[in-house]
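Comments concern the structure below.
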Amino acid sequence: EPVGEMIHKRIMGAYLTYMLVGGFPRAVSKFIEKNSFAAAEDVKRSILNLYMKDAAKLDSENSSNKARAILNALPSNLEKHDKTFSPGMVKEKTGMRELRRTISELEDSMMVNICYRSTEPAVDLENHSDHDDLKMYLCDTGLLFTQSFNVLKEDSDAIYRSILDGEVQVNRGMYFENMVAQELTMSGHRLFFSKFSHEGSEKLQEVDFIIVKERRPTPVEVKSGKRPRMHKSLDRYMEKYGDRLGTAFVVCTSDLEVCEDVTYLPIYMAALL
């Protein structure tokens, strides 16, 4: 059931604050204690520095610091329209083969969440996936904000409050998608996405996430804007594979709405999938 406009707005406000602060207990505690994004930011910077030091240890057998380079390139990868991981953004003329072990170690360390390309919708998605085509998300969206705005140390409180109030425009899509990846992972899902061809377009179409729900592959599209019902790629995916799929979900900023083919789910409910 929808929660209603007033409650929905209150939950969304709290959720966006949580997205900015992140979920690390010390950061949350500092934010509550000081009512200050800057206080939480100091904690998150120290955590991010520890992440970078831990990442360097993953490369102890060589001096190339691949893990740190991958983490440093993560925001730039997510900033792109095509959010698939690009090895060339880590180091020029680098291929996936050279980074595969390091990416696996980063995933095992739980610093990042990896989303592999599904080659076809199936209940056993792992057996129908391409591990050389992937998207990478930071484990905590609050840390992603810290990493993205690291140069604005002195203005962090003002900047974050301006983001919260909608006065400063950011690429909300990358943060929302990172947040949904975080929620789905915490709910026990392995992450997959789809790139597929469709006769209606010369370009490959993409659906943000494919999960298994109620024993059926289930597409999940993330919409951070004001027009969540504009989802041509999802429509084409359903048209192509509809008889094999479960209910499609669009994760968005509006209240819950269940339609015939698509359920529009507020982002704070994504963890329930």
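Numbering (my numbering), first residue to last: 31 to 303.
Just so you know, even glycine gets a beta-carbon here, dropped at the ideal spot from N, CA and C.
Quick caveat: nothing in here was measured; it's all calculated off a predicted structure.
Q | Assigned exposure category for residue 83 - 16 Cβ within 10 Å defines buried | A | Walking along the sequence shown from the start, residue 83 turns up at place 53. It counts as exposed.
Out of 144, 175, 157, point me to the one whose CA is closest to residue 166's CA. Translated into the one-based positions of the sequence shown, residue 166 becomes position 136. For the residues 144, 175, 157, the minimum Cα distance to residue 166 belongs to 144.
Checklist entry - Going by the beta-carbon positions, is the gap between residue 99 and residue 135 smaller than 8 Å? => result On the sequence shown, position 69 is the one that residue 99 refers to. On the sequence shown, position 105 is the one that residue 135 refers to. For residue 99 and residue 135, no; Cβs fall outside 8 Å.
Notebook entry, point to check: Taking the continuous alpha helix (DSSP H) assigned at residue 138, which residues delimit it?
Noted result: Taking the first residue of the sequence shown as 1, we reach residue 138 at position 108. Taken as a continuous stretch (DSSP letters only), the alpha helix (DSSP H) holding residue 138 covers 126–138.
Task: Simplified DSSP assignment, three categories, for residue 244 - done: Position 214 of the sequence shown, counted from the first residue, corresponds to residue 244. The answer is coil: DSSP assigns residue 244 none of H, G, I, E or B.
| task | Taking all protein chains shown into account, decide if residue 302 is buried (16 or more other Cβ within 10 angstroms of its Cβ) or exposed. | result | Residue mapping note: residue 302 aligns to position 272 of the sequence shown, counting from 1. By the neighbour-count rule (16 or more Cβ atoms within 10 Å), residue 302 is not buried but exposed.
Item to check | Inter-stretch contact at 8 Å, needing at least 3 Cβ pairs: the region 48–58 / the region 166–178 | outcome: yes
- Can you list, in chain order, the residues of its chain whose CB lies under 6 Å from that of residue 279, leaving out five sequence neighbours each side? Residue numbering aside, residue 279 sits at position 249 when the sequence shown is read from its first letter. Cβ neighbours of residue 279 beyond the five flanking positions: 250, 293, 295.
Who are the Cβ neighbours of residue 115 in its own chain at under 7 Å, not counting the five residues just before and after it? The sequence position of residue 115 within the sequence shown is 85, counting from 1. Within the same chain, residue 115 has close Cβ partners 107, 164, 165, 166.
_alpha helix (DSSP H) segments (min. 4 residues) lying fully within the region 245–278_ = 262–271
May I have a chain-ordered list of the beta strand (DSSP E) segments no shorter than 3 residues that lie completely inside the region 135–182? Runs of the beta strand (DSSP E) inside the region 135–182: 142–148, 159–168.
Start and end residues, beta strand (DSSP E) containing residue 120: Here the question's residue 120 lines up with position 90 in the sequence shown. That residue, residue 120, is in no beta strand (DSSP E); it is neither H nor E in DSSP.
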